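Protein chains in written order, with my numbering: chain V, 15 to 109; chain B, 360 to 740. By construction, the Cβ of each residue, glycine as well, lies at the ideal position given by its N, Cα and C atoms. This one's a predicted model, so the numbers in the text were calculated from it and none came from an experiment. Just below is one structure, and these are the notes that go with it.
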């Protein structure tokens, strides 16, 4: 069964037990929100870094599916197919 | 490393826009620094809990990227713990998310597990397990005035919490909304702003809506509190029923800081800023002002402070310790921190060139063994 991979930036990897890639088994397309639920289920602190307690993606957290940022797609409803890779990248922002 | 020291020691915690610095001292003159902790996260709130024999440092941590959380350390910052499920998170039914933790307030010695917190959006929280998990105060969250509370420049937050010795009487201050009081330990809340002006509104004396910047309780007199308002410095002697101006004698009535003495009646400190539209120390001359008679007169204190300083001092960027004489500490938005071991009579610069100082807290940590570096230099941060 092909997996869906979620690639974490180095700054978040300590919150996932040092892993740079989290994987979720998938038999068909899954939504990004469900994918995040799945891969962060054992890492609640990591989950809170990506989304606030309402479930909203944090403003300066960007999630890319095949090179497209999900806000330009269907947000957390964006579907990801088995075998695809999802990138978590922080915005270049601040001063 | 040098000797191990025991006895009366001091810890100074400096929360900035880009991280936390911790310092320890035996004499409040020479400080040994560690940091930055939480580099690139702002630290808008710090609580140092020395009750029940512990030394727990709790910090509100906020990253533009990764949100707000609360962490604590029981070993002076050597290690930090963040509760897995989060110490402060809004219940799902509220539909809200924590933006920033503005205040962490350890309750009285007689209630050693209780810690209060104030947050943005405007909310008050209470922990009964030493600050590891907080419950949302529903009485304030569901308050009928909520839709009329506004945001100050820094956000809409409950930023001051004062609890009396018995624990039944709680005052909070919010920007903007003003002072609210609970007489039942926080179950229900009523505005208590009579006499506090809102010069920027058409009605200068509304029931609520004031932008009270900070409140603090008198060390001795029950029911006496002091307030630094958005223009105006006030005192109440009747538990918030009436507020009266004590601004006469100050060079300006604007500012953010209000500190009170840990033991002595009638002693409070403010750091005046020129005006709403000119948020700098008056004429660029930074000074702390202290009253020892509950605001009847003020004494200007600037020994050891620079001749020119154009940075302001934010509402929680100042603290007192509980030693005798009390120490007074504050930091500027220019990243300089000053400390006084004699109640403000003379200051020394203990750190400089830090990021904007958002929060300063200091405490006596009696009996804690400290590693004292051989070269413990002032300004080591």
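Is residue i buried or exposed, if buried means 16 or more other CB atoms sit within 10 Å of its CB?
i	result
residue 527 of chain B	exposed
residue 97 of chain V	exposed
residue 588 of chain B	buried
residue 530 of chain B	buried
residue 411 of chain B	exposed
residue 443 of chain B	exposed
residue 54 of chain V	buried
residue 417 of chain B	buried
residue 402 of chain B	buried
residue 440 of chain B	exposed
residue 736 of chain B	Confidence at residue 736 of chain B is low in this model, with a pLDDT of 35, below 50, so the placement of that residue is unreliable and no value is reported for it.
residue 374 of chain B	buried
residue 675 of chain B	buried
residue 25 of chain V	exposed
Can you give the beta carbon distance from residue i to residue j, rounded, assuming they're within the 8 Å contact cut?
i	j	result
residue 715 of chain B	residue 376 of chain B	4 Å
residue 44 of chain V	residue 101 of chain V	Their Cβ separation, rounded to whole angstroms, is 16 Å, which puts residue 44 of chain V and residue 101 of chain V out of contact at 8 Å.
residue 629 of chain B	residue 614 of chain B	5 Å
residue 474 of chain B	residue 498 of chain B	That belief does not hold up - the Cβ atoms of residue 474 of chain B and residue 498 of chain B are roughly 18 Å apart, past 8 Å.
residue 611 of chain B	residue 632 of chain B	6 Å
residue 571 of chain B	residue 532 of chain B	4 Å
residue 725 of chain B	residue 367 of chain B	5 Å
residue 62 of chain V	residue 71 of chain V	Incorrect: roughly 12 Å between the Cβ atoms, too far for contact.
Out of the options, which one is the CA nearest neighbour of residue i?
i	options	result
residue 384 of chain B	B:717, B:563 and B:700	B:700
residue 68 of chain V	B:451, B:614, B:666 and B:615	B:451
residue 679 of chain B	B:407, B:599, B:429 and B:554	B:407
residue 618 of chain B	B:571, B:677, B:651 and B:597	B:677
residue 693 of chain B	B:670, B:710 and B:674	B:670
residue 709 of chain B	B:424, B:374, B:417 and B:392	B:392
residue 711 of chain B	B:722, B:668 and B:481	B:668
residue 606 of chain B	B:592, B:554, B:541 and B:471	B:592
Got a sec? Which residues, its chain only, sit under 6 Å from residue i by beta carbon, not counting five neighbours each side?
i	result
residue 433 of chain B	415
residue 536 of chain B	508 and 567
residue 404 of chain B	419, 460, 461, 462, 463 and 718
residue 399 of chain B	377
residue 657 of chain B	608, 609, 648 and 650
residue 494 of chain B	485
residue 583 of chain B	577 and 596
residue 734 of chain B	Reliability fails at residue 734 of chain B, whose pLDDT of 37 lies under 50, so the model's placement of it is uncertain and no value is given.
residue 590 of chain B	558, 612 and 613
residue 598 of chain B	582
For residue i, collect the residues of the same chain with a Cβ closer than 7 Å to its Cβ; drop the 5 residues on either side in sequence, then sort them by chain order.
i	result
residue 30 of chain V	22, 36, 57 and 60
residue 105 of chain V	74 and 76
Hey, would you say the C-beta of residue i is under 7 Å away from at least one heavy atom of the ligand SAM?
i	result
residue 642 of chain B	Among the ligands in the structure shown, none appear at all, so the ligand SAM cannot be discussed.
Check: Would you say the stretch 688 to 695 of chain B touches the stretch 88 to 103 of chain V, given that touching needs at least three Cβ pairs under 8 Å?
Finding: no
Check: Should the stretch 510 to 522 of chain B be regarded as contacting the stretch 453 to 469 of chain B, the criterion being three or more beta carbon pairs within less than 8 Å?
Finding: yes
Note to self: Three Cβ pairs or more, each shorter than 8 Å: is that satisfied between the stretch 655 to 663 of chain B and the stretch 703 to 713 of chain B?
What the structure shows: yes
Check: Are three or more beta carbon pairs between the stretch 47 to 55 of chain V and the stretch 434 to 441 of chain B nearer than 8 Å?
Finding: no
Next item on the list: Please confirm if the stretch 445 to 459 of chain B is in contact with the stretch 75 to 84 of chain V, defined as three or more CB-CB distances below 8 Å between the two stretches.
Entry: no
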